[in-house]
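A.B. asks: Before I ask anything, let me first share the structure, which is written out below as structure tokens.
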Amino acid sequence: MIFELPEVETIVRNVDRNLKNQVVQEVDVRIQGRKALALVKWALALKGKKLMQARRRGAHIILDFSDGQSLLANLETDKQLACVPSNSVLSEQTQVVLKFQNIQRELRFNDVSKFSFLKLLDSRSIESVAPIKNLGHEPLQISVKDFQDTLAKWPQRQVKNLLMDQSVIVGIGAMYADEVLFRAKIHPSEKVKDIPFPRMDKLHHAIYHVLELAITHGQTPLTDGADERVKPERFQSTLQVYGREGQVCVRCKKASIQKIKISQKISYVCPYCQPLREK
Ligand SMILES: [Zn+2]
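Residue numbers (this note's numbering): 20 to 298.
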């Protein structure tokens with residue numbers, strides 16, 4: 020599964036909606052051994068703290084707690100962090116459980132050694148720590164003017180490559196970059212300087228639309244509404260071009276989706292909707 024911004028945003032919104040302003044009553048550490056316990060030292064420090072908010076910066080999850088402390092987490096997969104009803108079955112991989120006062124829902128951390136980043140930090144220092152300080156604009160918040168000004172700084176770069184550059188704009192990986200460019204009718208190897216203004220406007224809109232659509236799908240509750248874990252197939256149901264090699268284009272119905280290689284990287288395009296305009 021490809022893990023991109025919508026998946027992380029879905030987890031963050033679920034945690035924020037369910038656990039905001041709740042106080043950690045109990046910390047259940049389910050691993051043993053000195054080395055293992057050192058991995059989860061942060062958890063014990065959270066007892067009695069209130070979760071002020073859950074937020075996201077790029078693909079990083081930030082849980083702000085009272086007393087000026089924030090837990091910064093970067094997941095490799097969606098299965099590592101789950102906000103679930105307290106009576107749901109515990110997984111063998113669950114190593115830390117944060118239980119909250121007055122609420123029958125808990126936060127479970129699975130396979131903590133597999134987090135690419137998991138640390139409790141001073142909230143004031145979050146913006147200046149290594150994974151966060153180098154991040155570019157947030158794609159759901161950037162204005163169309165800032166978006167154009169930002170891209171215009173790299174007129175010679177290929178647009179897909181630039182969209183995936185986390186120091187320019189965060190959270191767009193190969194899958195959603197293809198979706199966004201398909202909707203804006205731009206070829207992935209088009210240079211920024213060759214994209215006319217109206218198309219740039221469409222591109223900005225497409226980013227917001229594609230990401231929000233995936234987030235909305237990802238949040239659709241299951242039948243009983245109890246388990247709100249991320250379901251990858253829900254995100255994938257929104258895809259119109261990625262992974263659809265050989266299938267007829269859903270928009271023009273005139274061409275088949277092609278899988279092409281640009282600088283050794285795979286892209287999916289409709290040759291009719293996204294012609295590469297030679298300049
Ligand atoms: Zn097409």
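Glycine included, every Cβ here is placed at the ideal spot set by N, Cα and C.
Distance, Cα to Cα, GLU125 vs PRO174?
C.D. replies: Approximately 48 Å, taken between the alpha carbons.
A.B. asks: If you check the beta carbons only, do GLU198 and GLN177 fall under 8 Å apart?
C.D. replies: Not a contact, by the Cβ cut-off of 8 Å.
A.B. asks: Following the continuous beta strand (DSSP E) through ASN129, name the residue where it begins and the one where it ends.
C.D. replies: First-last of the beta strand (DSSP E) with ASN129: 124-129.
A.B. asks: Leaving out the 5 sequence neighbours to the left and right, which residues in its chain are closer than 6 Å to TYR291 when beta-carbon positions are compared?
C.D. replies: Contacts found: CYS271, LYS273 and ALA274.
A.B. asks: Could you give the DSSP three-state label for MET71: helix, strand or coil?
C.D. replies: The answer is strand: DSSP assigns MET71 an E or B state.
A.B. asks: Would you give the residue range spanned by the alpha helix (DSSP H) that ALA64 belongs to?
C.D. replies: Looking at the DSSP string, ALA64 is not in any alpha helix (DSSP H), and its letter there is neither H nor E.
A.B. asks: With respect to 7 Å, is the separation between the Cβ of ARG8 and the closest non-hydrogen atom of ligand 1 below this value?
C.D. replies: Nothing can be reported for residue 8: it is not among the residues displayed for the chain, which extend from 20 to 298.
A.B. asks: CB-CB under 7 Å to HIS142, same chain, minus the five flanking residues each way: which ones, in chain order?
C.D. replies: According to the sequence displayed, residue 142 carries Ser and not His. Closer than 7 Å at Cβ, skipping near neighbours: ASP83, GLY87, GLN88 and SER89.
A.B. asks: Straight-line CA distance for ALA245 to SER107?
C.D. replies: The predicted position of ALA245 is uncertain, since its pLDDT is 40 and thus under 50; no value can be drawn from it.
A.B. asks: Please state whether DSSP places ASN93 in a helix, a strand or coil.
C.D. replies: Note: ASN93 maps to strand in three-state DSSP.
A.B. asks: Starting from the Cα of PRO150, find the closest Cα among ALA203, LYS172, GLY190 and PRO158 and give me that residue.
C.D. replies: Among ALA203, LYS172, GLY190 and PRO158, the Cα nearest to that of PRO150 is on GLY190.
A.B. asks: Give the DSSP-derived three-state secondary structure of PRO294 in the structure shown.
C.D. replies: Correct three-state label for PRO294: coil.
A.B. asks: With DSSP collapsed to three states, give me the class of SER275.
C.D. replies: Residue state, collapsed to three classes: strand.
A.B. asks: Measuring CB to CB, does VAL42 end up less than 8 Å from LEU63?
C.D. replies: Taking 8 Å as the Cβ cut-off, VAL42 and LEU63 do not qualify as a contacting pair.
A.B. asks: For PRO240 and HIS223, I'd like the C-alpha separation in whole angstroms.
C.D. replies: Note that PRO240 scores 47 on pLDDT, short of 50, meaning its location in the model is unreliable and no value can be drawn from it.
A.B. asks: What would DSSP say about PHE134, mapped onto helix, strand or coil?
C.D. replies: In the structure shown, PHE134 sits in coil (DSSP, three-state: anything other than H, G, I, E or B).
A.B. asks: Would you mind sorting GLU23 into buried or exposed? The rule is 16 or more other CB atoms within 10 Å of its CB.
C.D. replies: Flag for GLU23 reads buried.
A.B. asks: How many angstroms separate the CA atom of ALA92 from the CA atom of PRO25?
C.D. replies: Straight-line Cα distance between these residues: approximately 16 Å.
A.B. asks: CB of LYS273 to nearest heavy atom of ligand 1: below 7 Å?
C.D. replies: Yes - ligand 1 has a heavy atom lying nearer than 7 Å to the Cβ of LYS273.
A.B. asks: Count the other CB atoms, across all protein chains shown, that sit within 10 Å of the CB of ILE188; report buried if there are 16 or more and exposed otherwise.
C.D. replies: The residue is buried, with at least 16 neighbouring Cβ atoms inside 10 Å.
A.B. asks: With distances taken from CA atoms, which of LEU58, GLY265 and ASP97 is nearest ASN33?
C.D. replies: Checked all of LEU58, GLY265 and ASP97; the closest Cα to ASN33 is ASP97.
A.B. asks: Identify, in the order they occur along the chain, each residue of the same chain with its Cβ nearer than 7 Å to the Cβ of GLN293, setting aside the five sequence neighbours on each side.
C.D. replies: Only LEU200, PHE201, LYS204, ILE205 and HIS206 meet the Cβ criterion.
A.B. asks: Looking only at its chain, what residues have a beta carbon closer than 7 Å to the beta carbon of ILE145, apart from the 5 residues adjacent to it on each side?
C.D. replies: Excluding positions up to five away in sequence, the list reads ILE81, SER89, LEU91 and ILE151.
A.B. asks: Taking the beta carbon of PRO158 as the centre, do at least 16 other beta carbons fall within 10 Å, making it buried, or is it exposed?
C.D. replies: The residue is buried, with at least 16 neighbouring Cβ atoms inside 10 Å.
A.B. asks: What three-state label does DSSP hand LYS172 in the structure shown?
C.D. replies: Three-state result, LYS172: coil.
A.B. asks: Is CYS102 near ligand 1, with its Cβ less than 7 Å from a heavy atom?
C.D. replies: Checking the Cβ of CYS102 against ligand 1 gives no.
A.B. asks: Strictly by DSSP, which residues pair up with GLN88?
C.D. replies: In DSSP, GLN88 forms a bridge with PHE84 and ASP141.
A.B. asks: Reducing DSSP to helix, strand and coil, say where VAL31 ends up.
C.D. replies: DSSP places VAL31 in helix when its eight states are reduced to three.
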